[in-house]
Each structure stands twice: as structure tokens, then as C-alpha cells.
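Residue numbers (the numbering used here): 11 to 370.
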């Protein structure tokens, strides 16, 4: 039976960005406990993250930036000390564990794991020389570079509500990586337009699907069936790298999409059926911690081919109630409203444009 791995440790969640910061690392603990209590750790090794080594970080980040980050002092020219990226005691180790955790997940997949999930990863906004969007070190870029060093072709799929700008920049001219991002239009970081299709050798290997506010499950499913899956099938990757940002959920406080747990269930099933033999999953955005835990558990369960219980465990329910969630089910009530039909032609037009541009 297939073996899988989850990268998880106390240092992922035992960190505090402050009362008023949207990022709440406790969501990682909540997600892991939900996965465990729902019985979704079958044939799964739980491995501790490690700190990334300097030479691994230097595979993307500049030495000057790393030295500033290690000082843990304000340096706004490097994005350090802003509201989004405060400088806090222990921030370098916290960020380094994220990178080391993704590298650990990759090591697991390079051995005998089929699916490896770094719950503390997905920091797709960190630039080579600048912190950005709650991200300090870019585990995604460094992880993909590690896979490329092994001679592997990587399909990078980003379902975070915010465009994975730094990942796009890193591989914009590289045809060994297929970059595909589905994200809310006109949201931070204001990149990821449909016309951004790659450059040089990478032309046609970079696809962005900006989706309007209030996009619902049905429209997201259309994107996957008409564009995402055909591109995966054509590219024939050795590894599918999923950045599983959960901030597209309808209750997320920082975004305006209208997705439910139902679409993440469908996405997980579709990716499980895709012609892919190895999967790397990382976390990402998501600022309603109950929904983050539900979504990551659903994606993990489906991609590893497990049955997901309908009813949430008692321990999780107790915390959920304190967070304002009072439903006993892991599934949301279907929310199609019928009054957002104007969104459908917009999405269909963009999908058809992209299909023409990449020759589907």
C-alpha cells in the first residue's frame, strides 16, 4: 500500500505574530489534529521539520537579505518591520523551518512516499531579497529548485486566493516548471494577469486564471475540468506541487471568493485521478483557522485516496465553537445563489483565451 508523509512539529504552531496579525500559526496544529482524529494518518509517517541550511536558502535568497533577517531588526527596504511582515524574536528560525519542512517533504517523496504534505509551508510571496505578504523565506521556490536538481519536471498548482508572484518570477523563463495559479483578481499582490504567459523558453508554461469576487464552486470546477487537468495531462509532470492556500473559502476574512469545502473535495478527487505519480503539498494562505483545518484535511484525505468522515470529531468541534463555527459536519451547505450568473461568462472567456494561447 502507498506510503505518505506529513511534516509537522510543535514549532510550526508555537509562534505568535501578535493579537492583530491575520496569520495564526495555531491553524497548523488544528489541521494536524483534525487529520489525526478523523483517522486520515493511515500508512503515513509524521516527520519533524528541520531548519534549512544556509546553502539551501542561498539557492534563492540573497546573502544580504538573509543576514538582515537573521538580525531580527527592522529593515523596511527588505520588507522587514512592516504590518504584514513584523520582525519578531525567533522569526528567522520560524521561517527557516518552513523551508526545511518543504525540503523534508521532498526528501520523503524522493524516497518512497507518494504524497508528502508540509503543513507549515506554502510561503509563495517571499522574494529573493524581500519579505512580502506574511512570507519571509520562500520554501516553494527552494523546494522546486531541489526537484529540478534531481532532473524532475514539476507542475506547480497554486489555489491560494492570492497570486504566487515570487514563484512565477523565479520560473518565468523555465520550461521545466509549469506554473498555474487560480486566484482572486485585483487582490494582493496585484499580479497574475492572463497575459502573463512566460518568457523565452518558459513561454506558454505560465498560466494565470484571475477569478472575480464571489466566484463559486461551479465556476472553479469548470476551470479545473477545462484547463487545469488537460494541462497536467499534456505536461506529464514527474511531480505535482500543490500550494493549498485555503483563503478562497467563503468565510475567509481577507478575501472575497465564495468557495465551500465541496470544491476542495472535488479538487482533491480530480488531482488524485490525474496522471501524476508523486505529490508535494504545502499549506499557504487561510485566515479562518477552522476552515483552513477542514480544507487541508479534505485535500489530504482525497489525494491520498481515503474516505473522509462527515462528522467532525468532538475535540475539533469544541475549538470550532469557540471560533464561531457551530456546524457538526466537515462539509459546508451548498451555497449556489443563482444571482451571480454574470461571473460565468467572464470565467469562460478567460479560460477560452488561455486555452487558445497555450494551444489546448
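Glycine included, every Cβ here is placed at the ideal spot set by N, Cα and C.
Distance check for residue j and residue i, CA to CA, integer angstroms please.
{"i": "residue 294", "j": "residue 173", "result": "11 Å"}
{"i": "residue 55", "j": "residue 287", "result": "18 Å"}
{"i": "residue 277", "j": "residue 79", "result": "36 Å"}
{"i": "residue 254", "j": "residue 14", "result": "17 Å"}
{"i": "residue 234", "j": "residue 343", "result": "21 Å"}
{"i": "residue 290", "j": "residue 90", "result": "29 Å"}
{"i": "residue 192", "j": "residue 359", "result": "15 Å"}
{"i": "residue 112", "j": "residue 247", "result": "19 Å"}
{"i": "residue 60", "j": "residue 324", "result": "32 Å"}
{"i": "residue 209", "j": "residue 179", "result": "10 Å"}
{"i": "residue 23", "j": "residue 366", "result": "44 Å"}
{"i": "residue 44", "j": "residue 19", "result": "15 Å"}
{"i": "residue 160", "j": "residue 64", "result": "20 Å"}
Which same chain residues, not among the five before or five after residue i, have their C-beta less than 6 Å away from its C-beta?
{"i": "residue 300", "result": "330, 333, 335"}
{"i": "residue 115", "result": "17, 126, 128, 290"}
{"i": "residue 104", "result": "25"}
{"i": "residue 21", "result": "107"}
{"i": "residue 138", "result": "70, 71, 72"}
{"i": "residue 149", "result": "108, 109, 112, 131, 133"}
Nearest CA to the CA of residue i: which residue from the options?
{"i": "residue 106", "options": "245, 136, 89, 183", "result": "136"}
{"i": "residue 190", "options": "198, 118, 19, 169", "result": "169"}
{"i": "residue 28", "options": "65, 59, 39, 98", "result": "98"}
{"i": "residue 187", "options": "242, 23, 369, 116", "result": "242"}
{"i": "residue 368", "options": "311, 212, 304", "result": "212"}
{"i": "residue 283", "options": "250, 220, 166", "result": "250"}
{"i": "residue 232", "options": "39, 362, 84", "result": "362"}
CB-CB under 8 Å to residue i, same chain, minus the five flanking residues each way: which ones, in chain order?
{"i": "residue 269", "result": "225, 226, 227, 230, 258, 259, 260"}
{"i": "residue 199", "result": "135, 142, 143, 172, 173, 175"}
{"i": "residue 338", "result": "321, 322, 327"}
For the putative contact between residue i and residue j, defined by C-beta atoms under 8 Å, what is the C-beta separation to the nearest angstrom?
{"i": "residue 340", "j": "residue 322", "result": "6 Å"}
{"i": "residue 6", "j": "residue 206", "result": "Outside the displayed span of the chain (11 to 370) sits residue 6, for which this structure offers no information."}
{"i": "residue 280", "j": "residue 309", "result": "In fact, because the Cβ distance is near 11 Å, the residues do not count as touching under 8 Å."}
{"i": "residue 124", "j": "residue 12", "result": "4 Å"}
Should residue i be flagged as near chain C, meaning a C-beta pair shorter than 8 Å?
{"i": "residue 46", "result": "Checking the listed chains, one finds no chain C in this structure; it contains a single protein chain."}
In chain order, what residues of the same chain have a beta carbon less than 7 Å from the beta carbon of residue i, not counting five sequence neighbours either side?
{"i": "residue 264", "result": "32, 257, 297"}
{"i": "residue 82", "result": "97, 99, 101, 102"}
{"i": "residue 272", "result": "227, 341, 342, 344"}
**Report entry** Segment contact flag, the stretch 135-155 with the stretch 164-179, C-beta cutoff 8 Å, min 3 pairs
**Finding:** Using a Cβ-Cβ distance cut-off of 8 Å, the stretch 135-155 and the stretch 164-179 are in contact, since at least three pairs of beta carbons, one from each stretch, lie closer than that value.
Query - Stretch pair the stretch 314-331 + the stretch 55-65: three plus CB contacts closer than 8 Å - result: Result no; under three Cβ-Cβ pairs closer than 8 Å.
Query raised in the report: Three or more beta-carbon pairs under 8 Å between the stretch 350-365 and the stretch 65-74, yes or no?
Result: No, the stretch 350-365 is not in contact with the stretch 65-74.
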